[in-house]
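Undergrad: Quick one: the structure is below, and I'll ask about it shortly.
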Amino acid sequence: MYRILRIINRFNLGGPTYNVAYLGKYMPADFETMLVGGAKDETEDSSEFILENLGLKPVIIPEMRRAISPLSDRAAYRKIKKLIRDFRPHIVHTHASKAGAIGRLAAVSCNVPVIVHTFHGHVFHSYFGKATTTFYKNVERYLARRTDKIIAISARQKEELAAIHRICPAEKVEVIPLGFDLSRFMSGQEEKRRQFRNRWQVADDELALVIVGRMVPVKNHQLFIEALAKILPQTKKKIRAFIIGDGEMRQEIETRAQSLGLTGTTLTFTSWMKDVDVAYAGADIVALSSWNEGTPVSLIEAQAAGKPVVSTEVGGIADVVIPGKTALLSAAGDADAFAKSLLQMTDDDDLRKQFSELGQAHVKDRFHYTRLVSDMEKLYRDLLRGKGL
824 MYRILRIINR FNLGGPTYNV AYLGKYMPAD FETMLVGGAK DETEDSSEFI
874 LENLGLKPVI IPEMRRAISP LSDRAAYRKI KKLIRDFRPH IVHTHASKAG
924 AIGRLAAVSC NVPVIVHTFH GHVFHSYFGK ATTTFYKNVE RYLARRTDKI
974 IAISARQKEE LAAIHRICPA EKVEVIPLGF DLSRFMSGQE EKRRQFRNRW
1024 QVADDELALV IVGRMVPVKN HQLFIEALAK ILPQTKKKIR AFIIGDGEMR
1074 QEIETRAQSL GLTGTTLTFT SWMKDVDVAY AGADIVALSS WNEGTPVSLI
1124 EAQAAGKPVV STEVGGIADV VIPGKTALLS AAGDADAFAK SLLQMTDDDD
1174 LRKQFSELGQ AHVKDRFHYT RLVSDMEKLY RDLLRGKGL
């Protein structure tokens, strides 16, 4: 029996939570997993239902929070060291930045045989100033030297980690894309579409544009609302737009929307929706406007639901969609280009249909959780063999 201690920053709604949950639930019987996570931010909706639905009970370390805090971080480090001593894992696998730093340092100090880290995204651009970014890069380089294998969730991310930001050599990086249970995005579409459109009183002749994500600077929702304001006078279509999510920038984004005349039912802020599959079913176009992304879960889910995508071309997005066939992409921060793509997708009914059909076929197997589990099992066994275990 091999023991895995899996550590994640926090259990918020998003790809990392789903993936650690699937890996915790579906690894082969000769792997035992202890799942550990920190406390979610107050602006984030709870994702406990994801774990509960799979029968998982994680260990929560409240001191492990997103922000840097010497006192809290040291307390979290001590607690993780105790878990390692008690559980005696063969593998410590950390996910995302804070868990990656504290968890790997604790694993090194306890001489854990195999240490693995997954970058679900990174903070090497569009988050901080030059000095802070350089500091984080140096920390990750130090940690990478003490890690047996780094996992990138896309080929683009591997290139960024190895060639662009020089965190570690390319041979240390394994590409293992995310995996999900996409069945709920593919089934019951007609009924779910009716539910969403009845809930928000969207008429049959109105097109629903949806964007899903945390309202934080890197997601750049301002680009979406500026592009929306640009296309409304140009299209003959009736448009309804929905921002699904919440976060620290919500008030600022709402104020900007009002200043652009996006009032009444034109733009609706729904907050987080647990039944996001219903939202995708009700949508006609799904957008993403980020400055930086790892593997954007919303675009995987959108394509699974058969929805065409309009997005910025950053991070691993080009590895998730087929540019020009399932998504129209434009440069980050370019409101005119984003608006042009949004208008083209809005006005061309045939294009939306083509993108819809190709998108669903593209993600169906590529991003399924069974492929994720199989890839991870193979990696673990290879690493364990390399240690003589």
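Residue 824 is where the sequence shown starts when you use the numbering used here, and the numbers rise one by one after that.
Ideal Cβ positions, reconstructed from N, Cα and C, are used throughout, including at glycine.
If I'm right that residue 1039 touches residue 1070 with Cβ under 8 Å, what's the distance once you round it to whole angstroms?
TA: Contact flag correct, Cβ pair sits at about 5 Å.
Undergrad: Could you round the C-beta distance between residue 1001 and residue 1118 to whole angstroms and report it? I think they count as a contact, below 8 Å.
TA: Confirmed, Cβ separation roughly 5 Å.
Undergrad: Would you mind sorting residue 981 into buried or exposed? The rule is 16 or more other CB atoms within 10 Å of its CB.
TA: Residue 981 comes out buried.
Undergrad: Between the region 903–923 and the region 936–945, are three or more C-beta pairs nearer than 8 Å?
TA: These segments touch.
Undergrad: For residue 984 and residue 976, I'd like the C-alpha separation in whole angstroms.
TA: Using only the alpha carbons, I get a separation of about 11 Å.
Undergrad: Round the Cβ separation of residue 931 and residue 972 to the nearest angstrom and send it over; I've been treating them as touching at under 8 Å.
TA: Their Cβ separation, rounded to whole angstroms, is 14 Å, which puts residue 931 and residue 972 out of contact at 8 Å.
Undergrad: Exposed or buried, residue 841, counting other C-beta atoms within 10 Å across all chains shown (16 or more means buried)?
TA: Per the 10 Å Cβ criterion, buried.
Undergrad: Please say whether residue 1109 and residue 1127 have beta carbons closer to each other than 7 Å?
TA: It is not a contact, given that the beta carbons lie outside the stated cut-off.
Undergrad: Report the rounded CA-to-CA distance for residue 1199 versus residue 873, giving the unit in angstroms.
TA: Those two C-alpha atoms are separated by around 20 Å.
Undergrad: Cβ of residue 936 within 7 Å of Cβ of residue 1201?
TA: Not in contact: residue 936 and residue 1201 (Cβ atoms no closer than 7 Å).
Undergrad: Buried or exposed, going by whether 16 or more other CB atoms sit within 10 Å of the CB of residue 954?
TA: Answer is exposed; the Cβ neighbour count stays below 16.
Undergrad: Under 8 Å by Cβ, that's how I've got residue 1268 and residue 1099 pegged, so tell me the actual separation to the nearest angstrom.
TA: Any question about residue 1268 goes unanswered here, given that the chain covers just 824 to 1212.
Undergrad: To the nearest angstrom, how far is it from the Cα of residue 847 to the Cα of residue 1135?
TA: The straight-line gap from Cα to Cα measures roughly 33 Å.
Undergrad: How big is the Cα-Cα spacing for residue 1053 and residue 1083?
TA: If you take the alpha carbons of residue 1053 and residue 1083, they lie about 9 Å apart.
Undergrad: Take the Cβ of residue 990 as the centre, count every other Cβ of all protein chains shown within 10 Å, and call the residue buried at 16 or more, exposed below.
TA: Classification for residue 990: buried.
Undergrad: Apart from the five residues just before and just after residue 961, which ones in its own chain have a Cβ nearer than 6 Å to its Cβ?
TA: Same-chain partners within the cutoff: there are none.
Undergrad: Give the list of continuous alpha helix (DSSP H) stretches no shorter than 4 residues that lie fully inside the region 884–912.
TA: The region 884–912 contains these whole alpha helix (DSSP H) runs: 893–910.
Undergrad: Round the Cβ separation of residue 1123 and residue 1047 to the nearest angstrom and send it over; I've been treating them as touching at under 8 Å.
TA: About 19 Å; that fails the 8 Å criterion.
Undergrad: Using 8 Å as the cut-off, can you tell me whether the region 1055–1069 makes contact with the region 1020–1031, which would need three or more C-beta pairs spanning the two stretches below that distance?
TA: As far as the Cβ criterion goes, the region 1055–1069 touches the region 1020–1031, which means the pair count is three or higher.
Undergrad: Please name the residue, chosen from 1115, 969, 853, 906, that lies closest to residue 1212 on a Cα-to-Cα basis.
TA: Considering only alpha carbons, the answer is 853.
Undergrad: Label residue 1014 either buried or exposed according to how many other C-beta atoms from any shown protein chain fall within 10 Å of its C-beta, with 16 as the threshold for buried.
TA: Residue 1014 comes out exposed.
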